[in-house]
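**Q**
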Amino acid sequence: MSDSPAVMHAETADSHHEHPAYQRHHFESVAQQFDATNFAMWLFLLTEVMFFGGLFTAYLIMRNWYYPAFVEASHQLNIGWGTANTSVLILSSFTMAMGVYNAHMRRKSGLVFCLILTFILGLGFLGIKSIEYTEKYEKHHIPGFHYSMSSFLNPASDPEVHNSYPDDKPLGLDMARHTELYFFLYFAMTGMHALHMIIGIAILGYLIVRAQAGDFTTGHITYIENFGLYWHFVDIIWIFLFPLLYLISRH
Amino acid sequence: MNFMSRENGLLSWLLTGDHKRIAILYLISITCFFFIGGALAGLIRLELLTPQSDLMASDTYNKVFTMHGIIMIFLFLVPSVPATLGNFFIPMMIGAKDLALPKINLLSWYMYVVGGILVIYTMVAGGVDTGWTFTTPLSTHYVNTNVMSTGMAIFVAGFSSIFTGLNFIVTIHKMRCPGMTWFRLPLFVWSNYAASILMVLGTPVLAITIVLVALERTVGIGVFDPTKGGDPILFQHLFWFYSHPAVYIMILPGMGVISETISTFSRKRVFGYTAVAFSSVAIAVFGFFVWAHHMFIMGISNYSMLVFSLLTMLVAVPSAIKIFNWTFTLYKGSITFETPMLYSFGFMGLFTIGGLTGVFLGASGTDIHLTETYFIVAHFHFVMVGGMLMAFLAGIHFWWPKMTGRMYPEKISQLAAVVTFIGFNLTFFPQFILGTLGMPRRYAAYPPEFQILNVFSTAGATILGVGYLLPVIYLVWSLKYGEIAGNNPWQATGLEWQTQSPPLTENFVINPVMDHEAYDYDWLENQGVKEVASVG
Amino acid sequence: MSDLKEMEEQENHIVSPMIYLAILGALLVGTGLTVWASFIDLGEWHIAPGLTVFWNPVVALAIACSKAILVVLFFMHVKYSTKLTKLTVTSGFFVFLALIGMTLTDYFSRAWGRW
Chain A
109 MSDSPAVMHA ETADSHHEHP AYQRHHFESV AQQFDATNFA MWLFLLTEVM FFGGLFTAYL
169 IMRNWYYPAF VEASHQLNIG WGTANTSVLI LSSFTMAMGV YNAHMRRKSG LVFCLILTFI
229 LGLGFLGIKS IEYTEKYEKH HIPGFHYSMS SFLNPASDPE VHNSYPDDKP LGLDMARHTE
289 LYFFLYFAMT GMHALHMIIG IAILGYLIVR AQAGDFTTGH ITYIENFGLY WHFVDIIWIF
349 LFPLLYLISR H
Chain B
10 MNFMSRENGL LSWLLTGDHK RIAILYLISI TCFFFIGGAL AGLIRLELLT PQSDLMASDT
70 YNKVFTMHGI IMIFLFLVPS VPATLGNFFI PMMIGAKDLA LPKINLLSWY MYVVGGILVI
130 YTMVAGGVDT GWTFTTPLST HYVNTNVMST GMAIFVAGFS SIFTGLNFIV TIHKMRCPGM
190 TWFRLPLFVW SNYAASILMV LGTPVLAITI VLVALERTVG IGVFDPTKGG DPILFQHLFW
250 FYSHPAVYIM ILPGMGVISE TISTFSRKRV FGYTAVAFSS VAIAVFGFFV WAHHMFIMGI
310 SNYSMLVFSL LTMLVAVPSA IKIFNWTFTL YKGSITFETP MLYSFGFMGL FTIGGLTGVF
370 LGASGTDIHL TETYFIVAHF HFVMVGGMLM AFLAGIHFWW PKMTGRMYPE KISQLAAVVT
430 FIGFNLTFFP QFILGTLGMP RRYAAYPPEF QILNVFSTAG ATILGVGYLL PVIYLVWSLK
490 YGEIAGNNPW QATGLEWQTQ SPPLTENFVI NPVMDHEAYD YDWLENQGVK EVASVG
Chain C
508 MSDLKEMEEQ ENHIVSPMIY LAILGALLVG TGLTVWASFI DLGEWHIAPG LTVFWNPVVA
568 LAIACSKAIL VVLFFMHVKY STKLTKLTVT SGFFVFLALI GMTLTDYFSR AWGRW
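See the structure below:
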């Protein structure tokens with residue numbers, strides 16, 4: 109049979125059957141509209157998966173080729189901040205899911221509260237990221253901008269990391285050069301992820317305003333539900349970035 | 010009253026949500042870019058009249074063929090059938106009022122236009138000379154032409170493609186009218202659905218590749234630079250992961266058109282409907298697994314060559330199945346030779362030749378000798394120009410009466426089809442020979458013994474140019490002076506033919522219900538003169 | 508007809524906050540687990556000369572995949588979605604795997620040299 113929801117009866121195209129104001133005219137029913145836009149958001153997320161896929165491919169190849177450089181370079185990332193960020197993002201996924209729940213239950217204040225929490229957690233994530241990025245800038249670990257290999261050629265010159273990882277041997281010049289590749293992938297992948305977070309937070313701001321106006325608690329849950337999908341997807345990307353970038357080997 | 014006369018004024022077109030108007034906007038834009046790309050092709054052929062690089066310097070020649078490739082692929086072939094005929098007719102064929110996401114549809118056109126403007130900017134700013142394939146490390150380290158702006162242009166145009174494909178997939182799944190099961194859909198819809206899957210899943214990889222090239226050029230980190238430990242082959246893996254499915258994105262919608270025209274002009278249902286439908290999807294699926302056949306000489310491992318060569322042989326099978334099925338559709342049909350049918354015959358013959366030569370190239374042993382020669386150039390022009398472009402013209406002519414309410418002049422259009430066929434063969438068949446003789450591609454100068462074949466090729470290109478100009482002239486002429494077309498001048502099946510020409514903005518007065526199989530000519534005869542839902 | 512019902516169920520199905528809390532807990536536990544595992548050397552498995560599996564990255568990826576699956580199934584409601592949504596998610600995952608997998612086979616097999 110057909111998975112198209114318009115299986116009811118033939119209707120005239122412009123007969124004014126009852127439909128809520130938020131149902132667009134080319135859809136036959138709210139269910140069809142919700143279903144179609146939900147499916148569209150999933151397809152968009154598939155494009156995002158393939159988009160990040162290119163970066164993951166590059167990462168996997170370089171990590172395989174230059175494993176020692178990747179291990180030592182990853183020790184430069186603070187595992188505390190990384191774990192904190194992961195937890196913040198997971199929590200924000202929870203608050204977003206609760207936001208969707210509140211929208212379904214038509215509780216406006218609950219929805220707005222959850223969206224605001226998600227917003228704050230998102231900003232928190234970006235804040236921690238900027239702390240980490242600043243650290244990298246100060247230690248000259250930004251590729252292409254006065255990149256310095258001294259922490260890898262001579263680990264003792266970097267006491268902060270050396271004390272945590274005393275077994276890190278000095279890398280040869282060749283392998284030490286490849287730490288720049290690690291940092292490039294670090295910035296490219298987390299940067300791309302952060303860009304998606306920024307866009308998400310901006311949209312979230314807009315949704316908070318409209319949620320406060322009561323637009324999403326009258327049965328029109330599409331925007332909240334679909335944005336939730338986007339937000340969870342950004343969380344999933346981080347769930348993979350965290351072990352791949354931070355947890356290569358800490359023993 | 011129809012979708013064109015409903016509202017007037019520039020804004021009503023530029024801010025429209027109507028899929029039919031967006032299709033017309035696309036048609037105008039891609040035609041403009043087609044002729045720019047065609048002019049560049051003319052320059053290439055002019056240069057190649059003589060063995061020396063005398064018309065332009067080698068650097069300029071590189072820029073000319075690069076822009077020709079970029080414009081023809083990204084700004085013409087990829088959107089050609091989907092964004093014009095697909096946009097216009099998929100909702101009508103499934104009995105819907107519009108695509109699922111009209112605003113995304115409009116956004117898709119604007120992204121196309123921005124991409125196009127960036128390409129024009131690139132040309133004005135001095136062009137780019139890396140070849141459309143942007144091979145690293147040439148494109149990242151050794152040229153100082155406009156790689157960044159070209160990259161941005163393709164990035165943006167890529168999103169145009171993604172949004173179109175996304176829209177089609179959602180629409181075809183969710184907005185079919187009552188009774189329109191998957192196996193009652195016209196095969197045009199199946200083909201566009203398969204192409205849309207490729208658009209949605211493949212194009213983002215091109216996007217990230219462009220981002221990486223841009224970062225490599227600006228920051229210089231070395232992911233594609235062997236001196237810094239990177240791998241130029243990585244670029245090629247990522248680039249061809251999209252660009253091979255891209256060729257199926259280009260050809261599948263054209264194949265969809267052929268299913269419609271072959272059926273209509275032999276007055277017979279398409280032979281093996283299910284096989285053709287599944288072959289379309291099979292081409293899309295297999296198309297994802299063969300990309301490294303573009304990289305046989307680049308340094309991939311022998312084991313990879315083996316695997317990809319084998320898979321490439323497999324991907325030819327569904328295309329062949331379709332050709333067989335169309336041929337069997339013709340058998341014992343009542344064949345007539347209207348213009349769309351002439352173009353369709355051209356498609357069948359030329360795509361077969363192009364496709365077969367693709368199999369020769371898929372065998373890595375022969376590919377090592379034939380790659381980077383004119384054999385490749387001939388191969389892809391046979392499938393893309395002899396195949397896809399002919400299918401596009403077939404579709405434009407087939408649906409012109411429906412879109413505009415006017416018939417084009419039949420005699421001159423048949424003449425144009427024949428001229429195009431002759432011009433095409435004269436242009437590109439000699440290139441197969443040149444390739445096997447060893448003439449390399451992307452060179453402005455060549456050994457003098459190749460000149461005679463090049464002269465044939467250029468002569469053919471001139472004829473081909475005439476063949477393409479004629480339709481523009483008479484189609485535009487027909488808008489004002491063409492005979493008024495009725496609802497169904499070809500007596501075709503398909504829901505789009507059961508309503509007025511040009512259609513209403515909302516497509517149908519009464520929501521259609523599909524109660525017969527696809528290509529059911531008996532049902533059509535029983536309709537007689539009873540028109541379902543026509544309002545003057 | 509069953510698809511229409513599936514669709515309306517999807518729209519109307521409301522996941523209970525208790526489930527969300529449980530998933531949140533599982534995700535945080537998973538995070539702690541993966542950090543802890545990275546500090547321990549989990550050893551390797553020599554399948555054949557030149558072909559070794561190191562357990563640390565395997566465990567890390569396994570935990571990451573599990574977390575992702577939980578997010579997809581529960582936070583993103585895929586467990587309660589139509590068959591089409593499930594098919595879409597799966598096919599996207601497979602194409603992603605094809606990109607990475609088939610590209611990596613080239614890189615891994617280069618070391619095997621000529622036939």
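Those sequence lines, one after another, are chains A, B and C.
Residue numbering for the first sequence follows the working numbering, beginning at 109 and increasing consecutively.
Residue numbering for the second sequence follows the working numbering, beginning at 10 and increasing consecutively.
Residue numbering for the third sequence follows the working numbering, beginning at 508 and increasing consecutively.
C-beta: ideal position from N, C-alpha, C; glycine also.
Quick one, which of B:Tyr119, B:Lys331, B:Tyr352 and B:Ser268 has its alpha-carbon nearest Thr502 of chain B's?
**A** Thr502 of chain B has its Cα closest to that of B:Ser268, out of B:Tyr119, B:Lys331, B:Tyr352 and B:Ser268.
**Q** Assuming Gly404 of chain B and Leu24 of chain B make a contact with CB atoms under 8 Å, what is their CB distance in whole Å?
**A** So it is not a contact: roughly 27 Å between Cβ atoms.
**Q** So what does DSSP say about His359 of chain A, is it helix, strand or coil?
**A** Coil at His359 of chain A, not helix or strand.
**Q** Is it buried or exposed for Ala264 of chain A, if we count other Cβ within 10 angstroms and need 16 for buried?
**A** Ala264 of chain A should be labelled exposed.
**Q** Quick one: list the residues of chain B neighbouring Asp143 of chain A, beta-carbon separation under 7 Å, in chain order.
**A** Neighbours of Asp143 of chain A on chain B, chain order: Lys183.
**Q** Using a cut-off of 7 Å between C-beta atoms, extract the partners of Ser373 of chain B located in chain C.
**A** Per Cβ cutoff of 7 Å: no residues; Ser373 of chain B is ~13 Å from chain C at best.
**Q** Pairing CB atoms from the region 238-252 of chain B with CB atoms from the region 173-184 of chain B, are three or more of them under 8 Å?
**A** No contact exists between the region 238-252 of chain B and the region 173-184 of chain B.
**Q** Residues of chain B with CB closer than 7 Å to the CB of Met158 of chain A, please, in chain order.
**A** The answer, in chain order, is Leu210, Pro213 and Val214.
**Q** Which full runs of the alpha helix (DSSP H) of 4+ residues lie inside the region 324-409 of chain B, going along the chain?
**A** Segments of the alpha helix (DSSP H) lying fully in the region 324-409 of chain B: 348-371, 373-379 and 383-390.
**Q** For Leu355 of chain A, return the contacting residues in chain C, with the cut-off set at a CB-CB distance below 7 Å.
**A** Simply Thr541, Val542, Ser545 and Ala567.
**Q** In terms of DSSP beta bridges, what is His553 of chain C paired with?
**A** Looking at the DSSP assignment, His553 of chain C forms a beta bridge with C:Thr559.
**Q** Could you tell me which whole beta strand (DSSP E) segments of length 3 or greater appear in the region 255-291 of chain B?
**A** DSSP runs (the beta strand (DSSP E)) wholly in the region 255-291 of chain B: none.
**Q** Please list the terminal residues of the continuous alpha helix (DSSP H) segment that includes Lys593 of chain C.
**A** Per DSSP, Lys593 of chain C belongs to the alpha helix (DSSP H) from Lys590 to Arg617.
**Q** Taking Ala109 of chain B as the query, report the chain C residues whose CB atoms sit under 8 Å from its CB, ordered along the chain.
**A** None at all; the shortest Cβ gap to chain C is about 14 Å.
**Q** Identify the residues that DSSP records as bridge partners of Arg415 of chain B: which are they?
**A** Note: Arg415 of chain B sits in a beta bridge opposite B:Ile493.
**Q** So with Cβ pairs under 8 Å, would you call Ala205 of chain A a contact of chain C?
**A** Closer than 8 Å to some Cβ of chain C, the Cβ of Ala205 of chain A qualifies, so yes.
**Q** Mind reading off the beta-carbon distance from Ser288 of chain B to Pro327 of chain B? Whole number of angstroms is fine, and I expect it under 8 Å.
**A** Indeed, because the Cβ distance is near 4 Å, the residues count as touching under 8 Å.
**Q** Compute the distance between the beta-carbons of Ile472 of chain B and Gly432 of chain B, then report whether it is under 8 Å.
**A** Result yes, Cβ atoms of Ile472 of chain B and Gly432 of chain B sit closer than 8 Å.
**Q** State yes or no: is the beta carbon of Tyr130 of chain A nearer than 8 Å to at least one beta carbon in chain B?
**A** Not closer than 8 Å to any Cβ of chain B, the Cβ of Tyr130 of chain A fails to qualify, so no.
**Q** My assumption, with CB atoms under 8 Å, is that Gln440 of chain B sits in contact with Val386 of chain B. Please give the rounded CB distance.
**A** Rounded, the Cβ-Cβ distance is 5 Å, consistent with contact.
**Q** What residues in the region 201-226 of chain A bring their beta carbon closer than 9 Å to a beta carbon of chain C?
**A** Residues passing the 9 Å Cβ filter: Ser201, Phe202, Met204, Ala205, Met206, Val208, Tyr209, His212 and Met213.
**Q** Counting only beta-carbon separations shorter than 8 Å, does Thr610 of chain C have a partner in chain A?
**A** True, the Cβ-Cβ gap to chain A drops below 8 Å.
**Q** Any beta carbon of chain C sitting closer than 8 Å to that of Ser310 of chain B?
**A** Yes - at least one Cβ of chain C is within 8 Å of the one on Ser310 of chain B.
**Q** Taking 7 Å as the limit between beta carbons, can you name the residues of its chain near Ala223 of chain B, skipping five residues before and five after?
**A** The answer, listed in chain order, is Met157 and Gly160.
**Q** Check the Cβ-Cβ distances between Ser616 of chain C and every residue of chain B, and say whether any is below 8 Å.
**A** Yes, contact with chain B.
**Q** Helix, strand or coil for Asn11 of chain B? Go by DSSP, reduced to three states.
**A** Coil, per DSSP.
**Q** With a 10 Å radius around its C-beta and 16 neighbouring C-beta atoms as the bar for buried, classify Trp532 of chain B as buried or exposed.
**A** Exposed is the call here.
**Q** Mind listing, in chain order, the continuous alpha helix (DSSP H) runs of no fewer than 4 residues lying wholly within the region 249-288 of chain A?
**A** Entirely contained in the region 249-288 of chain A, the alpha helix (DSSP H) runs reaching 4 residues are, in chain order, 258-261, 267-272 and 281-285.
**Q** Taking the continuous alpha helix (DSSP H) assigned at Gly60 of chain A, which residues delimit it?
**A** The first residue shown for chain A is 109 and the last is 359, placing residue 60 of chain A beyond what the model contains.
**Q** Consider the Cβ of Phe603 of chain C: report whether some Cβ of chain A lies at a distance smaller than 8 Å.
**A** Chain A contact via Cβ: present.
**Q** Report the rounded CA-to-CA distance for Asp276 of chain A versus Glu180 of chain A, giving the unit in angstroms.
**A** Spanning the two alpha carbons is a distance of roughly 7 Å.
**Q** Which runs of the alpha helix (DSSP H) fall wholly inside the region 431-483 of chain B and span at least 4 residues, in chain order?
**A** Counting only runs of 4 or more, we get nothing.
**Q** Please name the residue in B:Gln423, B:Ala50, B:Thr321 and B:Glu534 whose C-alpha comes closest to that of Phe346 of chain B.
**A** Looking at the Cα atoms, B:Gln423 is the closest of the given residues.
**Q** At least one CB of chain A closer than 8 Å to the CB of Thr595 of chain C: is that the case?
**A** At least one chain A Cβ lies under 8 Å of Thr595 of chain C.
**Q** Is the beta carbon of Met184 of chain B closer than 8 Å to that of Ala284 of chain B?
**A** Not a contact, by the Cβ cut-off of 8 Å.
**Q** Give every residue of the same chain whose Cβ lies closer than 6 Å to the Cβ of Tyr174 of chain A, excluding the five residues on either side of it in the sequence, and list them in chain order.
**A** So the qualifying residues of the chain are His286.
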